[in-house]
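The structure under discussion appears below in the form of structure tokens.
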Amino acid sequence: MRKVMQYGFMDLLRSKWMIGYGAIFFCITSVMIYLIGDFTKVIISMMYLVLYLIPLLSIVLGIMYGYQIREYIAWVLSHPISRRQVFMGYYLSLALVLVIYFAAGMGIPFLFAGIFSTGSASAFGILLGSGVVLSVIFSGMAMWVVFANDNKLLGLGKGLLIWLVMTILYDAFFLIAVIAFEDYPLETFALIASILNPIDLSRILLISNLDISALLGYTGAIIQSVLGTSGGMVWVLAGYIIWLIFPLWRYLRITSKKDF
Amino acid sequence: MIEIKQLHKAYRHRQVLHCIDMTIKKAGIYAILGPNGSGKTTLLKICMGLVLPDNGDVYINHESVRASNQYRKLVSYLPQIARFPDNLKVQELLRLTELLRGKAQRKEAIIEMFGLAPYLQQSFRNLSGGTQQKVNLTTCLMYDAPLFLLDEPTAALDPVSQLRLKEFLLKEKQRGKIIVLTTHVPHLVQTVADEIYFLLSGKIHFHGTVDQLVDAYQASDIEEAIAKLLMHQQEKIKV
Chain A
91 MRKVMQYGFM
101 DLLRSKWMIG
111 YGAIFFCITS
121 VMIYLIGDFT
131 KVIISMMYLV
141 LYLIPLLSIV
151 LGIMYGYQIR
161 EYIAWVLSHP
171 ISRRQVFMGY
181 YLSLALVLVI
191 YFAAGMGIPF
201 LFAGIFSTGS
211 ASAFGILLGS
221 GVVLSVIFSG
231 MAMWVVFAND
241 NKLLGLGKGL
251 LIWLVMTILY
261 DAFFLIAVIA
271 FEDYPLETFA
281 LIASILNPID
291 LSRILLISNL
301 DISALLGYTG
311 AIIQSVLGTS
321 GGMVWVLAGY
331 IIWLIFPLWR
341 YLRITSKKDF
Chain B
42 MIEIKQLHKA
52 YRHRQVLHCI
62 DMTIKKAGIY
72 AILGPNGSGK
82 TTLLKICMGL
92 VLPDNGDVYI
102 NHESVRASNQ
112 YRKLVSYLPQ
122 IARFPDNLKV
132 QELLRLTELL
142 RGKAQRKEAI
152 IEMFGLAPYL
162 QQSFRNLSGG
172 TQQKVNLTTC
182 LMYDAPLFLL
192 DEPTAALDPV
202 SQLRLKEFLL
212 KEKQRGKIIV
222 LTTHVPHLVQ
232 TVADEIYFLL
242 SGKIHFHGTV
252 DQLVDAYQAS
262 DIEEAIAKLL
272 MHQQEKIKV
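Protein chains in written order, with this note's numbering: chain A, 91 to 350; chain B, 42 to 280.
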């Protein structure tokens, strides 16, 4: 696995798309720090970038990379190495490169601006952490989509649909549900629904740690009122673990039975 | 060395291989022939564990290809279409191959045979189709394995490289290797193949030497024999 990962990593690290991905975060973060100045406000603004841009770019770049490796995967698999090791190697190299470019792109401007000498260091840490987790989750989803769909366009379309459902349609659906069932208790439903969306989990994690409860949203408010702050954190972490494992499990299962 | 038993494979509803039995034990060059879609590539891919059979099994050196992947150390496989990571340089790809498979015994000799030295520092995206095929061949032939499975080895090669490859294969045969290849080039089959397996609609339609095939269809060479075989088959279908 280490061997595949090493070369997948090298290949991706030099990819212009990935360098562009890092550059986007670097430019936006630098401009925001320069224009806004106040770290708390910058972190709140960056939160939306982390919540919406990381899932979108991770899944799109991951799908593009996945279809590229599909073209020569048969050659790799013809060597004395197990399928599981090959596919884990590619998944880990994708996740690692996305994490590195995100962390470097967003982290370097904050470091130069002296984030660690201010009171916002922990909020920055949580922002960085949730960005890392989202990168890894959506890398897994991208690889799952790629090997579940032989048609490139269909795969890319499904990837974009996943992003659209989790970012926009999920909130719209919730709003409709709350209005339609306002006379019924929705706590259990909201708790379960929050775990179905890793982006919502990240939003809950970030907002409850940034002291801006007004932005918490319906599921976040229910989690905080039902489970409390620490219970809510356990809930979010449990959700993260499910989302880290489930796409990876599907991806490894599909690739173990697929003809190449 | 290779034993194929009762092999069946269907892609969705299309039967690609139907009850294939084949045993190759002696050193030599074995050509798998057949029209497009007859199952040649699928057969080689099953031998390498890339395609999973619906029924039956392949044994290489008495080891089932479903059971482990270590038998692949004994096999050098050439895939039909050479696609490699675009950002990797040729040198890095050869190093990756050695990392995956172990040190190659004759890397320099094969690089020299195909004149690849000037391309070693170039990225894949900058190489022509023919040069990519030479790199593909190098990753396969640089290992002194007892068994070679070559899927269309002469595709996209210039005449000089084709000649060198042919000489190389004959030399390897003399060294006791088993070489199984698929090709659409009748001339290559006529000059190098010891035995032919002709696949038609996923079944072995003919198995024998080149002379036996030529005699069976009263042809002057293998090209004519294959053409007659296919025409005969088409007439049978019409009737």
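A virtual CB, placed ideally from N, CA and C, is assigned to each residue, including glycine.
Rounded separation between A:G247 and A:T319 - CA only:
Translated into positions along the first sequence, residue 247 of chain A becomes position 157. Translated into positions along the first sequence, residue 319 of chain A becomes position 229. For A:G247 and A:T319, the distance between alpha carbons rounds to 37 Å.
In the DSSP assignment, the alpha helix (DSSP H) including A:T221 goes from what residue to what residue?
Position 131 of the first sequence, counted from the first residue, corresponds to residue 221 of chain A. Note on identity: in this sequence residue 221 of chain A is Gly, with Thr being the wrong assignment. Taken as a continuous stretch (DSSP letters only), the alpha helix (DSSP H) holding A:G221 covers 211-238.
Check whether the Cβ of A:A113 lies closer than 9 Å to any Cβ atom in chain B.
In the first sequence, residue 113 of chain A corresponds to position 23, counting from 1. It does not; no Cβ of chain B falls within 9 Å.
Apart from the five residues on each side of it in sequence, which residues of its chain come closer than 7 Å, Cβ to Cβ, to A:I216?
Within the first sequence, the letter at position 126 stands for residue 216 of chain A. These residues qualify, in order along the chain: L295, L296, N299.
Is there a Cβ from chain A that is less than 9 Å from the Cβ of B:M89?
Position 48 of the second sequence, counting from 1, holds the residue named residue 89 of chain B. True, the Cβ-Cβ gap to chain A drops below 9 Å.
Contact list for A:W107 against chain B, beta-carbon separation under 7 Å:
Taking the first residue of the first sequence as position 1, residue 107 of chain A is located at position 17. Simply none; closest approach about 11 Å.
Interfacial residues, the region 95-121 of chain B to chain A, with Cβ spacing under 7 Å
N110, Q111, R113, K114, Y118, P120
Using a Cβ cut-off of 9 Å (strictly closer), state whether B:P126 contacts chain A.
As a first step, residue 126 of chain B is located in the second sequence; it is residue number 85 there, counting from the start. Chain A, which has a Cβ nearer than 9 Å to the Cβ of B:P126, makes this yes.
CB-CB under 7 Å to B:K207, same chain, minus the five flanking residues each way: which ones, in chain order?
Position 166 of the second sequence, counted from the start, is the residue given in the question as residue 207 of chain B. Answer for B:K207: L229, T232, V233, listed in chain order.
In the region 84-145 of chain B, which residue ranges form an unbroken beta strand (DSSP E) of at least 3 residues, counting only runs that do not cross its ends?
96-101, 116-119
Looking at A:Y180: is its Cβ nearer than 9 Å to the Cβ of A:V235?
Locating residue 180 of chain A in the first sequence gives position 90, where the first residue counts as 1. Locating residue 235 of chain A in the first sequence gives position 145, where the first residue counts as 1. Result no, Cβ atoms of A:Y180 and A:V235 do not sit closer than 9 Å.
Helix, strand or coil for B:H225, going by three-state DSSP, please let me know.
Counting from one through the second sequence, the residue named residue 225 of chain B turns up at place 184. In this structure, B:H225 counts as coil in the three-state DSSP scheme.
Cβ-based contacts, 8 Å cut-off: residues of the region 141-168 of chain A near chain B
Q158, I159, E161, Y162, A164, W165, V166, L167, S168
Determine, for B:L93, whether the minimum Cβ-Cβ distance to residues of chain A falls below 9 Å.
Against the second sequence, residue 93 of chain B aligns to sequence position 52. It does: the Cβ of B:L93 has a partner Cβ on chain A nearer than 9 Å.
Take B:D95 and list the residues in its own chain whose beta-carbon comes closer than 7 Å to its own, dropping the five residues that flank it on each side.
Position 54 of the second sequence, counted from the start, is the residue given in the question as residue 95 of chain B. H49, K50, A51.
Just mark A:S220 as buried or exposed, buried being the case when its beta carbon has 16 or more other beta carbons within 10 Å.
Locating residue 220 of chain A in the first sequence gives position 130, where the first residue counts as 1. Classification for A:S220: buried.
If you draw a straight line from the alpha carbon of A:M154 to that of B:P120, how long is it in whole angstroms?
Along the first sequence, one-based indexing puts residue 154 of chain A at 64. Along the second sequence, one-based indexing puts residue 120 of chain B at 79. If I take the Cα positions, the gap works out to 23 Å.
Please report the straight-line C-alpha distance between B:G170 and A:T208, rounded to a whole angstrom.
By one-based count along the second sequence, residue 170 of chain B stands at place 129. By one-based count along the first sequence, residue 208 of chain A stands at place 118. Whole-angstrom Cα-Cα distance: 57 Å.
As a quick exercise: from B:D185, B:N177, B:G243, B:S202, pick the residue whose alpha carbon is nearest that of B:K218.
Counted from its first residue, the second sequence places residue 218 of chain B at position 177. Among B:D185, B:N177, B:G243, B:S202, the Cα nearest to that of B:K218 is on B:D185.
Starting from the Cα of B:E22, find the closest Cα among B:S117, B:A108, B:T180 and give me that residue.
Not covered by the structure: residue 22 of chain B. The range shown for chain B is 42 to 280.
In DSSP terms, what B:G69 is bridged to:
On the second sequence, residue 69 of chain B is found 28 positions in, with the first residue counted as 1. Partner(s): B:I219.
For A:T278, is the classification buried or exposed, using 16 other Cβ atoms within 10 angstroms of its Cβ as the cut-off for buried?
Stepping through the first sequence from its first residue, residue 278 of chain A is reached at position 188. It counts as exposed.
Tell whether a beta-carbon distance below 9 Å holds between A:T309 and A:A280.
Translated into the one-based positions of the first sequence, residue 309 of chain A becomes position 219. Translated into the one-based positions of the first sequence, residue 280 of chain A becomes position 190. Closer than 9 Å, so yes.
If we cut at 9 Å on Cβ distances, does A:F264 have a partner in chain B?
Residue numbering aside, residue 264 of chain A sits at position 174 when the first sequence is read from its first letter. No, A:F264 does not count as interfacial toward chain B.
Completely contained alpha helix (DSSP H) runs for the region 227-258 of chain B, where each covers 4 or more residues:
227-233, 251-257
Output yes if chain A places a C-beta closer than 9 Å to the C-beta of B:L129; else output no.
As a working note, residue 129 of chain B is residue 88 in the second sequence. With 9 Å as the cut-off, B:L129 counts as an interface residue toward chain A.
Is the shortest distance between the beta-carbon of A:L100 and the beta-carbons of chain B less than 9 Å?
As a first step, residue 100 of chain A is located in the first sequence; it is residue number 10 there, counting from the start. With the sequence shown as reference, residue 100 of chain A is identified as Met, and Leu is not the correct amino acid for it. Answer yes: the Cβ-Cβ gap between A:M100 and chain B drops below 9 Å somewhere.
DSSP beta-bridge partners for B:S164?
For this step, residue 164 of chain B is matched to residue 123 along the second sequence. Beta-bridge pairing links B:S164 to B:K130.
Beta-carbon contacts of A:I163 that lie in its chain and below 7 Å, excluding the five residues immediately before and after:
Taking the first sequence and counting its residues from 1, the one referred to as residue 163 of chain A is at position 73. F350, listed in sequence order.
Less than 6 Å between C-beta atoms, sequence neighbours within five positions excluded: which residues of the same chain meet that for B:L191?
Within the second sequence, numbered from 1, the residue matching residue 191 of chain B stands at position 150. These residues qualify, in order along the chain: L119, L222.
Taking DSSP as the reference, what is the three-state secondary structure of B:M63?
Within the second sequence, the letter at position 22 stands for residue 63 of chain B. Three-state result, B:M63: strand.
State yes or no: is the beta carbon of B:Y160 nearer than 9 Å to at least one beta carbon in chain A?
The residue labelled residue 160 of chain B in the question sits at position 119 within the second sequence. False, the Cβ-Cβ gap to chain A never drops below 9 Å.
A:Y181 touches chain B at which residues, Cβ-Cβ below 9 Å?
One-based indexing of the first sequence puts residue 181 of chain A at position 91. In chain order: nothing, as chain B lies at least about 16 Å away.
Quick check on the burial criterion: 16 or more other C-beta atoms within 10 angstroms. Buried or exposed for A:H169?
Working through the first sequence from its first residue, we reach residue 169 of chain A at position 79. The residue is buried, with at least 16 neighbouring Cβ atoms inside 10 Å.
From A:I123 to A:V189, what distance separates their C-alpha atoms?
Taking the first residue of the first sequence as 1, we reach residue 123 of chain A at position 33. Taking the first residue of the first sequence as 1, we reach residue 189 of chain A at position 99. Cα-Cα distance, rounded: 21 Å.
Which runs of the alpha helix (DSSP H) fall wholly inside the region 133-211 of chain A and span at least 4 residues, in chain order?
144-160, 163-167, 173-202
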